[in-house]
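Below is one structure, written out as structure tokens; the observations come after it.
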Amino acid sequence: MDKKEEIPKMKKLVEAADGLSLGISMVVAVLMGVAIGIGLQKLTGAWWTLWIGVFIGVGAAISNVYKAYAKQKKVLDKLAQDPRYTYKKEQQEKYDAEDDDDKY
């Protein structure tokens, strides 16, 4: 096999694994936050410091979701500029303009 043929296959595999890892990263972020909270609770002796860690973990999970969303949006915006898909958009705008002329 040529090395040029192998690179795109591996790239697709890595991108797929990156998308699947979002769920795992959310769980890990929350569990790490809980671990931080338990550590704070043992250090301070206050029961409510556990919730600080939980909130840190949930915040990290939300941050991971936002980063994945931004990455996907960037890919989709790039795809929207692809000439294969702009024809349909131009046709839709043409038909929408024709519909605006009709009075009900």
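My numbering applies: residue -12 is where the sequence shown begins, and numbers increase by one. Beta carbons: idealized from backbone N, C-alpha and C, even for Gly.
Cα-Cα separation between residue i and residue j, rounded to whole angstroms
| i | j | result |
| --- | --- | --- |
| MET(-12) | ARG71 | Summary for MET(-12): the model assigns pLDDT 48, below 50, so the residue's position carries little reliability, and this model does not support an answer. |
| LEU27 | VAL45 | 16 Å |
| ILE39 | VAL52 | 20 Å |
| LYS58 | GLY20 | 24 Å |
| LEU37 | SER8 | 26 Å |
Burial state of residue i (16 or more Cβ within 10 Å)
| i | result |
| --- | --- |
| ALA165 | Only positions -12 to 91 of the chain appear in the structure, and residue 165 is not among them; the question remains open. |
| GLY32 | exposed |
| ILE11 | exposed |
Among the options, nearest to residue i - alpha-carbon criterion
| i | options | result |
| --- | --- | --- |
| MET13 | VAL41, LYS29, GLY24, THR36 | VAL41 |
| SER50 | LYS(-2), LEU30, LEU0, VAL17 | VAL17 |
Proximal residues to residue i (C-beta, below 7 Å), its chain only, five neighbours per side dropped
| i | result |
| --- | --- |
| ILE23 | GLY40, ILE43 |
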